[in-house]
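Read through the structure below, which is laid out as structure tokens, and then see the notes.
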Amino acid sequence: MQENSQRERKNDDDVTAKDTELDRLDKNLAKATAQYHSSDDVSSMEIDDDENSEKKRVILQQQQRRLLLLRHASKCCEGLHCRVKFCPQMVTLWKHMKTCRDKNCKAAHCLSSRCVLNHYRICKSEGLTSSCGICAPVMKHIRLKESSSTSQDPDLLNQMDALSDAERYDEMPVDTEAEEQDSSDSFKALKEALVSGVPNESSDEMAVCASQPEEKQTAQQLKTKQNLLNQVQQQKVKLTSQNQKLQQQLKGASTPLQLEQLQKQQNILQHLNQQFQQQQVVLESEIQRQGEEKSDSQQLSPGKKLKNQEGKRTSESVDGGSKDLRPNKVLKRDSSTVSVSASVASEVSTTKKSSSLITSMQTSDIEAHLDSLVNSGRLTPRNISRKCLPIVKRLRDHENGWVFSEPVDPIELGIHDYFDIVEHPMDLDLVTKKLENGVYWDITSFRKDTRLVFENAILYNGKDSDVGMMAKELLDLFEQDLSNCFKGLNADEETKKADSCSLCGNHRRLYELPSLFCSGTCGRNIRRNAVYFTDRMKQNQWCEACYADQKDDEPLLLDNGKETKKAHLQQMKNDKSPEEKWVQCDKCQDWVHQVCALFNGTQNYKSASFTCPKCYIKFEANPTPSTAPKGAAELLQCKLSESIEKGIAQTLSKEYEKIAEDRDCTIAQVEKAENLYVRVVSNLDKKQKVREGMRARYSKKNYPSEFPVKSKCILLFQKIHGVDVLLFSMYVYEYGDECPAPNRRRVYISYLDSVRYLTPAQYRTAIYQSVLIEYLRFVKMRGFHTAHIWSCPPAKGDEYIFYCHPVNQLTPRNDMLCAWYNNTLQKAKAEGIALDIRSLYDDYFKDNVVNRTTGEPFDPTSLPYFDGDYVPGEIEKIIKDLDEDDNRREGTKIKDAPKVVTAPSKSEGKRAGTRSNPGRLVNQGRDKVMNRLDLILSRMKENFFVVQLLSNDYIDAAEGTAGITSLVDSSPSDDDSAKSTRTIGKNPYILDLAEKKDAKASSASIPLCQQIIPVSTKDEDPLMEQECFETRLQFLNYCQRNNYQFDELRRAKYSSTMVLAYLHNPREEKEQQIKAHLEVIAHAASCQGCVSKNCQRMKQLFGHVRGCELTHKRGCKICTRLFMLLIKHARDCPTDGTACPIPFCERIKERNRMLLKQQRLMDDRRRNAQNTRAKEDSA
């Protein structure tokens, strides 16, 4: 009791002290703010001359702090748990201020706070927040706090986490924005600030180091020098900014005196820059030397925090979980945009390494890449419409514009040969509609269409005719206006060039809002602008529903294996989009987007130099670079990829011949699609688990609990502007001859996705269809007899494989996607690959079809059961509904083991038919699940394709014969004739089908020839394991986590480059090492006392992972490497249902289960969207 009373008295004293301090802050605040806003400069405030400077600074700080506190109070949701100083009082004050309109309010701090807030509103309305002495530092601090990642230097991580927001507010430096003051007095102040901003190593820090062990002394010295280097580089950026401003002022100097003064300032800046450069070189060399001496010992010591010496001066990601620990550049290039940077000057570099793909590209490719950046940076459809609509309007308003405004009507005008001469009609009305609808993504397309209007008139009427002369006049006018438009665009670019990327011309470029998934029981996606809760490291998230369901005293397990409590979670809002990172050129010192420069931040070596593409062309470019990084062509080939590439080449050859014939030209004159590469990047053996409801209901029928399956990921690349771009991806599942029925010898086309960057675009459909056709050809020759496809466009807000598609690439409608698949499969049938194309409904439900082998009705155990398919998910839902109906009817609770019901009652069958479709009868003797599934699939039968690749005779022989060595299959044949002509050859292990006598010649009936099909479907291609390509969801999450988007060509290039860098990470030679490491992990996890050095070292690594604050998600290399090994172990962990002794194994298994849950949730959304469309169509 005594301790409680003392604690209460202490809290009361703290509150009283805080109120007193707030009262002190209130003094003169309103008066000073009003004076400031009515004057032109802070110096005009009425303060005694002897204390003018100090009081001015204090009052400005008070105003800035009050503005920050008010902003915090308006957003704070932590209540009494908030650690920000004065927060509870300010929250109460903020609630009062929202309703208070009393000019003489007596509430504490109300008038002064309203005055400060009113000052900010006036500045904001007048656009003065960037120049106001009060608002500018506050806005800069807010932007820096929002954009800066808390994961800067790992040694600073704990310090940043330990700091409360109150300390950050109290210790916020007051930026006087010296760069915006033009007087010589202000420049002197800047010089003093710059010089004083680079302190020497203090004696206090050296004294602390002297009292510590040698290892800690070295670390402390390294940290001190790093901090000094950071400050030097920040001051250099300030100098650069001030120098740029002086250059502009020198150009506009009107008097000799002003010119002389500015030149003196410039000389001082140059002198300071030389001093900072010398100091930077010395510090960098010392840091590099000490860092190399310490690197080995740091990696071996448990619990050590990694030093992340970045090579190039780059910018940090806004996303706190980014691996690249660098700050983002904001709109103004000042000291707030640069933080930790350990750039070694190129002139002192000992080795020449590059982190950019530009250095390996040909000059012509770099120039093409830069041209594409300019177009993508400034010419959006909206900009093109805004700039070009006035041009078209002027053409239409011309005295002769009416002639070309509307489409030509050959019948009305009596010119019946018009379309024979003019192949591509065009008119100004159509051009206007395209502009208004945002069809044009580049000026070239707009120019081509507009010129076509007048060129068609000249072509048909002749250049000397009246119409031809009018067309020539308007064509010249159009070219003149378009040229002026380009000049205007270039002028606009020049005005904003100072603070923009010199490559694309844009300022801040934001990524898509990252996808967050709840770490709670629901596992759902956290919606945009929704409130969620996260841990201190911001690595786990809980939605509002799961947060409310969580008990206060129940511990929450985090991804890093640690635990936290509900009270320690922070409330956040899912509304912050990360910004693209920046990198500085060593030649021109300009800042460019890393995406534009194709800069790989993960390969940013200490000694690396960076040259932007423009400077590279100017100083270093070679017509044919001698070395090039590994691209798509260097990825491992396999038989499947070779087969698909060969098929694409044959398809394109036919397309070229067709175009040449239509245009009456040679094939050499036809534009071709070149540099296409197909690669299989994932080839894994898996076990597909049967879901709970299906397994429980049909376990007595000996239904398997799992199916062995091989999953594959197939990618298509094309080299565009010298960069390999990922364009198409397809995930497939192969159920071989070792798989039990009903999946045996079947393939499932799970997902395919593409982005529309393939060039020329006219071949896009043919190439993408060819990938699917050639895959079916390949698996047919391996002995797979049936392929299955579920045609379903993605649900709203979902992505299949690629993260962020182009804005102008619309999601296909359901009927369009079905038509695309049907067209593709018809081509496969015409080539003899597919023998028949049916629907799943035709095979298992139509006309109460029965199993032709057993003669019994089909039940759910006869249906193919594929991972992620519609049928397994819908069966689970139906079984759950049936169980609930039975329990409701019987008045009992749901039993642990659902009863197997194979013969539904007559009344149940009537109920299902009446409730779902009154006009449809169901089979009363069939399984209940099949009856309900029949009614559902009958409305969407066109969405489920069944492609028969081999004849029924082959299927019967393969399914019913054991021990045979090879099979021979003929080309398509009718069932009856195939059965009647079936004979057994001399070799009893070979099935020989005689030719049909009455074969009809058609595209679907090619000459019959025997094909030797292997009995075993064993894959001869090697297994390939790439973690991020294991499933389409893992690749999608990998892209989302790293902001690898495909919504622009520039981003698609960059994302593809990073993906290829990941794929080329050497793995084969490390397989034995990985195996050995896994054995050491298994040994060290259970070993109690061992003298083995490997065992001791592994235990040290375990200890490091448990205590590391950085973790693998924030770039710790030790944690990353160990977790990669643990993930491999967890995938094949032999323990099932029992606790595994290896650290984090259970947590990784739980994470895998969460990924599976996310996949199933998406499958459910796809299925529900399919059901909704079917209901709407039937209605």
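Everything in the sequence shown is counted per full-length UniProt numbering, starting at 1 for the first residue and increasing by one. Glycine included, C-beta positions come from ideal geometry on N, C-alpha and C.
Of the residues Glu1030, Ala958 and Asp724, which one's Cα is nearest the Cα of Pro1014?
Of Glu1030, Ala958 and Asp724, the residue nearest in Cα terms is Ala958.
Shortest alpha-carbon distance to Thr861 belongs to which of Gly468, Leu752, Leu950 and Lys700?
If we check each option's Cα against that of Thr861, Lys700 comes out closest.
Taking the straight line between their C-alpha atoms, what separation do you get for Ile421 and Met469?
Spanning the two alpha carbons is a distance of roughly 19 Å.
Report yes if the C-beta distance between Pro793 and Asn814 is below 8 Å; otherwise report no.
Going by C-beta atoms, Pro793 is nearer than 8 Å to Asn814.
Does Glu563 come out as helix, strand or coil in the three-state DSSP assignment?
Three-state DSSP puts Glu563 in a strand.
Can you check which of these residues, Thr765, Val771, Leu863 and Tyr865, is closest to residue 1180 by C-alpha distance?
What is shown of the chain runs 1 to 1179, which leaves residue 1180 out entirely.
So, do the segment 710-725 and the segment 828-840 have three or more beta carbon pairs nearer to each other than 8 Å?
Segments in contact, no.
Which partner residues does Asn525 have in the DSSP bridge list?
Its beta-bridge partners are Phe517.
Which stretch, first to last residue, makes up the alpha helix (DSSP H) that contains Asp737?
Looking at the DSSP string, Asp737 is not in any alpha helix (DSSP H), and its letter there is neither H nor E.
Are Glu874 and Ile936 closer than 8 Å when you measure CB to CB?
Yes, they are a contact pair.
What first and last residue would you give for the alpha helix (DSSP H) that runs through Ala545?
It spans Glu544 to Asp549 - the alpha helix (DSSP H) in which Ala545 sits, taken as one unbroken run.
Pick helix, strand or coil for Leu676, following the three-state DSSP scheme.
If DSSP states are grouped into helix, strand and coil, Leu676 belongs with the strands.
Comparing alpha-carbon positions, which option in Asp466, Leu430 and Ser465 lies nearest Asp449?
Closest by alpha carbon: Leu430.
To the nearest angstrom, how far is the alpha carbon of Gln584 from that of Val592?
Roughly 6 Å between the two C-alpha positions.
Could you tell me the alpha carbon to alpha carbon distance between Lys75 and Cys87, rounded to whole angstroms?
Going by the C-alpha atoms only, they are around 11 Å apart.
Got a sec: does the ligand COA put a non-hydrogen atom nearer than 7 Å to the Cβ of Glu657?
With respect to the ligand COA, the structure offers nothing, as it holds no ligand at all.
I need the DSSP call for Arg66, collapsed to helix, strand or coil.
Three-state DSSP puts Arg66 in a helix.
How many whole angstroms separate the CB atoms of Gln541 and Cys504, which I take to be in contact at a CB cut-off of 8 Å?
No, Gln541 and Cys504 are not in contact; Cβ-Cβ is about 33 Å, not under 8 Å.
Quick check on DSSP: helix, strand or coil for Phe478?
If DSSP states are grouped into helix, strand and coil, Phe478 belongs with the helices.
Does the segment 715-729 come into contact with the segment 684-699, if we say contact requires no fewer than three beta-carbon pairs (one atom in each stretch) closer than 8 Å?
No, the segment 715-729 does not touch the segment 684-699.
Helix, strand or coil: how does DSSP classify Asp397 here?
Asp397 falls in the helix class under three-state DSSP.
In this structure, what does DSSP give as the bridge partners for Tyr751?
According to DSSP, Tyr751 bridges with Tyr731.
For the 8 Å Cβ check, are there 3 or more pairs between the segment 1044-1056 and the segment 796-811?
Yes, the segment 1044-1056 touches the segment 796-811.
Note down, in chain order, each residue of its chain lying with its Cβ closer than 6 Å to the Cβ of Met361, except the 5 sequence neighbours on either side.
Cβ within range, chain order: Gly722.
Taking the beta carbon of Thr350 as the centre, do at least 16 other beta carbons fall within 10 Å, making it buried, or is it exposed?
Here Thr350 scores only 34 on pLDDT, less than 50, and its place in the model should not be relied on; the value that follows carries that caveat. Exposed is the call here.
Using only CA atoms, which one of Leu684, Arg71 and Leu269 lies nearest to Glu1020?
The shortest Cα separation from Glu1020 among Leu684, Arg71 and Leu269 belongs to Leu684.
Taking the C-alpha atoms as reference points, what is the distance between Glu436 and Ser385?
If I take the Cα positions, the gap works out to 6 Å.
Identify the residues that DSSP records as bridge partners of Pro578: which are they?
Note: Pro578 sits in no beta bridge, so no partner.
Sort out for me which residues DSSP pairs Ile720 with in a bridge.
Per DSSP, Val723.
Please state the DSSP three-state secondary structure of Tyr532.
Strand.
Find out if the Cβ-Cβ distance for the pair Ile1127, Glu1025 is shorter than 8 Å.
Not closer than 8 Å, so no.
Met361 by DSSP, collapsed to three states: which one?
Three-state DSSP puts Met361 in coil, outside helix and strand.
Mapping the DSSP letters down to three states, classify Arg83 as helix, strand or coil.
Coil at Arg83, not helix or strand.
Which two residues bound the contiguous beta strand (DSSP E) that contains Thr786?
Residues Thr786 to Trp790.
Just tell me which of Ile659, Ala1052, Glu942 and Asp662 has its CA closest to the CA of Met816.
Cα-wise, what sits closest to Met816 is Glu942.
Bridge partners of Arg932, per DSSP?
Answer by DSSP bridge pairing: none, since Arg932 is not bridged.
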